[in-house]
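Step one of this worksheet: look at the structure below.
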Amino acid sequence: MGSYVLRRFISVILVIFVVATATFFLMHAIPGGPFKREKALPPAIQRNIEERYKLNDPLWKQYVDYIGNLLRGDLGPSYKYLGRSVNDIIREGFPISAHLGLVSVVFALLVGVPCGIISALKQNQWQDNFIMAFAIIGVSVPSFVMATLLMYVFAVKLQWLPAAMWGTPKHVILPMLALAGFPTAFFARLMRSSTLDVLSQDYIRTARSKGLSWGAVVYKHVIKNAILPVVTYLGPLIAGIITGSFVVENIFAIPGLGRYYVTSIYNRDYTTIMGVTIFYSALLVMLNFLVDIAYCWIDPRIKLTDAKE
Amino acid sequence: MEYSAEMFKPINKDIDSAEAIVRPSVTYWQDAWRRLKKNRMAMVGLWTIVAILVIAIFGPMVSPYSYSDQNLEEQNQYCSSKHWLGTDDLGRDLLTRIMYGARISLTVGFLASLLNLTVGVIYGGISGFYGGKIDNIMMRIVEVLNAIPMLLYVILLMVILEPGLQNILIALGLVYWLGMARIVRGQVLSLKEQDYVLAARSIGASNWQIITKHLIPNAMGPIIVTATLNIPSAIFTEAFLSFIGLGVNAPMASWGVLASDALQSFRSYPWQLFFPAIAISITMFAFNFLGDGLRDALDPKQRK
Numbered sequence: 001m002g003s004y005v006l007r008r009f010i011s012v013i014l015v016i017f018v019v020a021t022a023t024f025f026l027m028h029a030i031p032g033g034p035f036k037r038e039k040a041l042p043p044a045i046q047r048n049i050e051e052r053y054k055l056n057d058p059l060w061k062q063y064v065d066y067i068g069n070l071l072r073g074d075l076g077p078s079y080k081y082l083g084r085s086v087n088d089i090i091r092e093g094f095p096i097s098a099h100l101g102l103v104s105v106v107f108a109l110l111v112g113v114p115c116g117i118i119s120a121l122k123q124n125q126w127q128d129n130f131i132m133a134f135a136i137i138g139v140s141v142p143s144f145v146m147a148t149l150l151m152y153v154f155a156v157k158l159q160w161l162p163a164a165m166w167g168t169p170k171h172v173i174l175p176m177l178a179l180a181g182f183p184t185a186f187f188a189r190l191m192r193s194s195t196l197d198v199l200s201q202d203y204i205r206t207a208r209s210k211g212l213s214w215g216a217v218v219y220k221h222v223i224k225n226a227i228l229p230v231v232t233y234l235g236p237l238i239a240g241i242i243t244g245s246f247v248v249e250n251i252f253a254i255p256g257l258g259r260y261y262v263t264s265i266y267n268r269d270y271t272t273i274m275g276v277t278i279f280y281s282a283l284l285v286m287l288n289f290l291v292d293i294a295y296c297w298i299d300p301r302i303k304l305t306d307a308k309e
Numbered sequence: 310m311e312y313s314a315e316m317f318k319p320i321n322k323d324i325d326s327a328e329a330i331v332r333p334s335v336t337y338w339q340d341a342w343r344r345l346k347k348n349r350m351a352m353v354g355l356w357t358i359v360a361i362l363v364i365a366i367f368g369p370m371v372s373p374y375s376y377s378d379q380n381l382e383e384q385n386q387y388c389s390s391k392h393w394l395g396t397d398d399l400g401r402d403l404l405t406r407i408m409y410g411a412r413i414s415l416t417v418g419f420l421a422s423l424l425n426l427t428v429g430v431i432y433g434g435i436s437g438f439y440g441g442k443i444d445n446i447m448m449r450i451v452e453v454l455n456a457i458p459m460l461l462y463v464i465l466l467m468v469i470l471e472p473g474l475q476n477i478l479i480a481l482g483l484v485y486w487l488g489m490a491r492i493v494r495g496q497v498l499s500l501k502e503q504d505y506v507l508a509a510r511s512i513g514a515s516n517w518q519i520i521t522k523h524l525i526p527n528a529m530g531p532i533i534v535t536a537t538l539n540i541p542s543a544i545f546t547e548a549f550l551s552f553i554g555l556g557v558n559a560p561m562a563s564w565g566v567l568a569s570d571a572l573q574s575f576r577s578y579p580w581q582l583f584f585p586a587i588a589i590s591i592t593m594f595a596f597n598f599l600g601d602g603l604r605d606a607l608d609p610k611q612r613k
């Protein structure tokens, strides 16, 4: 276990390094550089700007500086918001995004997983058909459609919930539903198929034939085994929540990192785009690492297959 | 009722005719098609896709308006006999724009999926067929790329390449072949150990013949399923990119651009958002249903 964790950790560091390098060189491949405008700036100002952002240094030196700053956790200044660093933007926006994302993940798990189990236990009955109909809607409707529909029905027409901004628990509900729509439906489908898989295993029949009640079989054998694929999906889920937040935070005017990110794309604020991309990538790679470790701990069989490969 | 010996007559005990094949054998594809036809949802998906394709191809030709015709006297109108789905803020006919949008969204979906298919099949095929060290290195690369949140890099590429249809295809094509490569590799890896490959090799078939005659046809099922399910995710990604301002250039409009434009005045003219949103959702439904159906039909072993 220890060596497995260590090996995975080294590869995590490597991936983050590759990501940072690739992002840096991609951003510097933009023709003309970030301060190229349609209207040319006076040469003196242009020179000053280039000096301030060290754009006159050779590329390798800029790269070494950038990686050095990264190691100290400094993502550099924003090109568009004078006097603000990318770190400030992340510090401001990320807690809000993380709050919304976490609530959505919890919602998706608490609703999607039980729905999938019910669906499998009642296979081809009305409960199953009902849940699966909702699930196919959930995976087919893009998050921005979901978000605007929810806003139209519950905020504009019924006026039950606020349409925008952030602050009270009431503000969380609609964006959470919009963000959690896809993962909830996905979990329901995943859990259904894995539960059906487990139900046809021999050990379920054995458990039944030794006299265990159906409820106990489901609780002790079925759910514990069927939930494993859900754990592996947690990594992609978090990635989906992050990209979903770009859209949902914009629609609901939530001052989270996703909204800053999209604004910086509109403004072509290159350092912010670069910094937030690296931040999100590193975050996801780390979370994936934790999920893998958790998986290894939950299901010891995984180490064997890993060794075989 | 009484049974008597006269009621029975011995059938012809002809060994030759007993062994004869009466019906033509059913090929894999005929069998798959038969199974697919039984799946009602998949067929609904298939016919919906055909209908959307027909509308996308012929709709704009029939329409009296063009997607870029502005008419400032008819701004933001609701559905009427003149403009079936209303007009947008520049008085452009929304139905025509949605039909044009279908062309763009479907083009992106099909071409991106085709690009992923080509790259994925070649990469996965080489990796699986040669195995050993080559496979190890190639799969390490896929693993590293897979750990990276690809949508972020599609966004980054779009920022660098500037928005536009061609660049969306490049970005999507460069990034989304990983899943296909893994599936093809897995298929090839297990198929090449099969006895019929050994048999083919023993009668002197070349690598190329084995790959094209045995490995690819047998791996076709999962490849088609993955390609089909890649189409809606490409359409989805394009809509997402358009929504955050990295889509195709005006006055062209994909469904994502239409939805994004309508968002500004969504409270006053909600139908401008709903119609493109419905179009996206129906298309996603159709492809998802068809993909699920194809998975059941082409891979009967997996079916529950």
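Respectively, the protein sequence lines represent chains Z and D.
Taking our numbering, the leading residue of the first sequence gets 1, the next gets one more, and so forth.
Taking our numbering, the leading residue of the second sequence gets 310, the next gets one more, and so forth.
Glycine is no exception: its CB is placed at the ideal position from the N, C-alpha and C atoms.
Using a CB distance cut-off of 7 Å, Z:T206 does not count as an interface residue toward chain D. D:T592 has its alpha-carbon roughly 12 Å from the corresponding atom of Z:V139. Around Z:Y260, the same chain offers I89, G93 as residues with beta carbons nearer than 6 Å, after the five sequence neighbours per side are excluded. The beta carbon of D:I589 sits closer than 7 Å to some beta carbon of chain Z.
Selection Z:M176, Z:A178, Z:L161 evaluated against Z:K170 yields Z:L161 as nearest (Cα-Cα). A check of alpha carbon separations from D:I525 across D:I435, D:E311, D:K346 identifies D:I435 as the nearest. A contact between stretches requires three or more CB pairs, one per stretch, nearer than 8 Å, and the segment 502-521 of chain D fails this requirement with the segment 532-541 of chain D. Using a CB distance below 7 Å, the part of the segment 271-286 of chain Z facing chain D consists of I273, T277, Y280, S281, L284, V285, ordered along the chain.
Identification of chain D residues near Z:L26 by a Cβ-Cβ cut-off of 7 Å yields L465, I469, ordered along the chain. For Z:S85, the beta-bridge partners assigned by DSSP are Z:P77.
Using a Cβ distance threshold of 7 Å, D:P472 and D:G556 count as a contacting pair. Bridge pairing for D:T396: D:D402 [DSSP].
Fewer than three beta-carbon pairs drawn from the segment 211-229 of chain Z and the segment 167-185 of chain Z are found closer than 8 Å, and the two stretches are therefore not classed as touching. Under the three-state reduction of DSSP, Z:G68 is assigned to helix. Residues of chain D with a Cβ closer than 9 Å to the Cβ of Z:Y152 are, in chain order, F575, R576, P579, L582, F583. In terms of beta-carbon proximity, D:I457 lines the interface with chain Z, with at least one pair separated by less than 7 Å. Taking 7 Å as the cut-off, the beta carbon of Z:N225 is found no closer than this to the beta carbon of Z:V247. For the C-beta of Z:A29, the chain D residues within less than 8 Å are, from N- to C-terminus, I469.
Just measuring C-alpha positions, the residue of Z:G2, Z:V291, Z:Q127 sitting nearest Z:A188 is Z:Q127. Considered as a whole, the segment 153-206 of chain Z harbours 169-199 as its complete alpha helix (DSSP H) runs of no fewer than 4 residues, in chain order. Under a 10 Å Cβ-count criterion, Z:Y79 is classified as buried, with 16 or more other Cβ atoms of the shown protein chains found around its own Cβ.
Chain D has no Cβ within less than 7 Å of the Cβ of Z:Y79.
In this structure, Z:V111 keeps its C-beta atom at 7 Å or more from the C-beta atom of Z:T195.
In its chain, beyond the 5 residues on either side, A185, A188, R189 have a beta carbon closer than 6 Å to the beta carbon of Z:A135.
Annotation: Z:F182 to Z:L109 spans about 12 Å, alpha carbon to alpha carbon.
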